[in-house]
Amino acid sequence: MQIRQMKLLPEVGSVKPATVFPVLALGLWALQVIGLGIATIPGAKAQSPIIIQFSHVVTADTSKGKAALKFKELAEARTEGKVRVEVYPNSELYKDKEELEALRLGAVQMLAPALSKLGGDFEVFDLPFLFKDHAAFRSVVNGPIGQNMLQKLESRGMKGLGYWDNGFKVFTSNRPLQSVRDFKGLKIRVQASKVLVDQMQKLGAEPVVSPLIDVYKSLKDGRLDGEENTPINIDSQRLHEVQNNLTISNHGYLAYAVVVNKEFWERLPSDIRIALEGALRDATAYENELAEADNKKALEHMRKAGNLNVLALSPQEIKQWRDVLSPVYQDSRAWIDPALVTSVLAATSPP
Ligand code: LMR
174 MQIRQMKLLP
184 EVGSVKPATV
194 FPVLALGLWA
204 LQVIGLGIAT
214 IPGAKAQSPI
224 IIQFSHVVTA
234 DTSKGKAALK
244 FKELAEARTE
254 GKVRVEVYPN
264 SELYKDKEEL
274 EALRLGAVQM
284 LAPALSKLGG
294 DFEVFDLPFL
304 FKDHAAFRSV
314 VNGPIGQNML
324 QKLESRGMKG
334 LGYWDNGFKV
344 FTSNRPLQSV
354 RDFKGLKIRV
364 QASKVLVDQM
374 QKLGAEPVVS
384 PLIDVYKSLK
394 DGRLDGEENT
404 PINIDSQRLH
414 EVQNNLTISN
424 HGYLAYAVVV
434 NKEFWERLPS
444 DIRIALEGAL
454 RDATAYENEL
464 AEADNKKALE
474 HMRKAGNLNV
484 LALSPQEIKQ
494 WRDVLSPVYQ
504 DSRAWIDPAL
514 VTSVLAATSP
524 P
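Here my numbering runs 173 ahead of the position in the sequence shown, where the first position is 1.
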């Protein structure tokens, strides 16, 4: 990962590390917390509010960004100021992979990463053409499969509090992507997920894993030819301004898990934790209400901007895409629990 100079780490109790490289900053921060036994430990300072730093990589006006702010509003009101939530959007603090490391070390307390970025079994949600609609996704994650997966995060030092929706992904590119043959040789950005890398290889493209915040510049400079994402993310990162074509392929799904540092969470006084769980439940309902409509609005907004050739796929073309991508299911059984793939397929009826 490229290491760049970052802004100040946020205030953590009384500790404010100097401007340093992120990895070094995380290391120093961890040493301070372990060595001095300070201040993010809830209740360590009777009078000061408990700080929850919530870092994410999309803009504040996306569904996820708005829900993070809703959580802040509800959490602060319901704990009567005993908790302060600091939301850092659009990779202000950490880029995609760094934020998970920051959570692990306790340098931030809360994230809502895309499921793809959690890796392992969570990549099951990246399988192509898996869900027919938002409801199909929700019924899997809100049922025993999704809840069991959240529980398994505990062995990785995280506590999964719930799922937030986003929606179906589309492709943008410089060359129109209509037939699967159109992908040949193109450099396409994907999130760090083996399923997504495999998917691009099946299409004959060259997958490039890159943090979201760098995609605009890479497309502009020609280091990338295209990318896949939801209309919300494409519009809010202004990627359509540096691309000529958008294919409404709906070939995959993007959604989030809301996770907290487990140790931090378990050390919260129980009344505070209960209030925060309630705030999160309501912020989750709010987010899930917004996502589908926000994606429609984002697509319309990009259409109206006028510089994009918006392509739809015919039923024959969709079949061709599905046929080319279907071997990813078999491949993924090498790194995703095969029983999980089978049970997700049984719990949903793929389109
Ligand atoms: C991406 O990296 O494209 C997404 O995970 C961003 C996000 O958080 O929606």
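The beta carbon of each residue, even a glycine, is placed where N, CA and C say it ideally should be.
Practice item. Would you list the residues sitting across from residue 226 in a DSSP beta bridge? Key: 259
Practice item. Pick out whichever of 324, 339, 278 and 384 has its Cα sitting closest to the Cα of residue 306. Key: 339
Check your understanding: Does the ligand LMR have even one heavy atom less than 8 Å from the beta-carbon of residue 262?
Key -> no
Review point. Do you know whose CA, among 453, 457, 407 and 508, lies nearest residue 263's CA?
Key: 407
Exercise for review: Following the continuous alpha helix (DSSP H) through residue 401, name the residue where it begins and the one where it ends.
Suggested key: Unbroken run through residue 401 is the beta strand (DSSP E), 399-402; no alpha helix (DSSP H).
Practice item. Please report how far the alpha carbon of residue 509 lies from the alpha carbon of residue 293, in whole angstroms. Key: 6 Å
Review point. Got a sec: does the ligand LMR put a non-hydrogen atom nearer than 8 Å to the Cβ of residue 429?
Key: yes
Point to revise | Residue closest to residue 349, alpha-carbon to alpha-carbon, out of 512, 495, 511 and 485 | key: 485
**Study point:** Nearest candidate by alpha-carbon position, reference residue 382, set 401, 222 and 499
**Key:** 401
Point to revise | Cβ contact check for the stretch 429-436 and the stretch 279-289: 3 or more pairs under 8 Å | key: yes
Practice item. For residue 390, count neighbouring C-beta atoms within 10 Å of its own C-beta (all shown protein chains included) and say buried if the count is 16 or more, exposed if not. Key: exposed
Review point. Where do the N-terminal and C-terminal ends of the beta strand (DSSP E) with residue 438 fall, by residue?
Key: Run containing residue 438: none in the beta strand (DSSP E); it sits in the alpha helix (DSSP H), 435-439.
Practice item. Determine, using beta carbons only, whether residue 425 and residue 301 come nearer to each other than 9 Å. Key: yes
Exercise for review: Would you mind sorting residue 477 into buried or exposed? The rule is 16 or more other CB atoms within 10 Å of its CB.
Suggested key: exposed
Exercise for review: Would you give the residue range spanned by the beta strand (DSSP E) that residue 345 belongs to?
Suggested key: 343-346
Check your understanding: In or out: residue 361 buried (at least 16 other Cβ within 10 Å) or exposed?
Key -> buried
Point to revise | Where the beta strand (DSSP E) through residue 537 begins and ends | key: The structure shown does not extend to residue 537, since the chain is modelled only from 174 to 524, so the question has no answer here.
Check your understanding: Count the other CB atoms within 10 Å of the CB of residue 488; is the residue buried (16 or more) or exposed (fewer)?
Key -> exposed
Check your understanding: Do residue 266 and residue 226 have their C-beta atoms closer together than 9 Å?
Key -> yes
Check your understanding: Among 469, 365, 494 and 344, which one has its Cα closest to the Cα of residue 482?
Key -> 344
Review point. Hey, is residue 471 close to the ligand LMR, as in C-beta under 8 Å from one of its heavy atoms?
Key: no
Check your understanding: Would you say residue 468 touches the ligand LMR, meaning its beta carbon is less than 8 Å from a heavy atom?
Key -> no
Check your understanding: Under the criterion of a Cβ to heavy atom distance below 8 Å, does residue 286 qualify as lining the ligand LMR?
Key -> yes
Check your understanding: Quick one: Cα of residue 375 to Cα of residue 341, how far?
Key -> 19 Å
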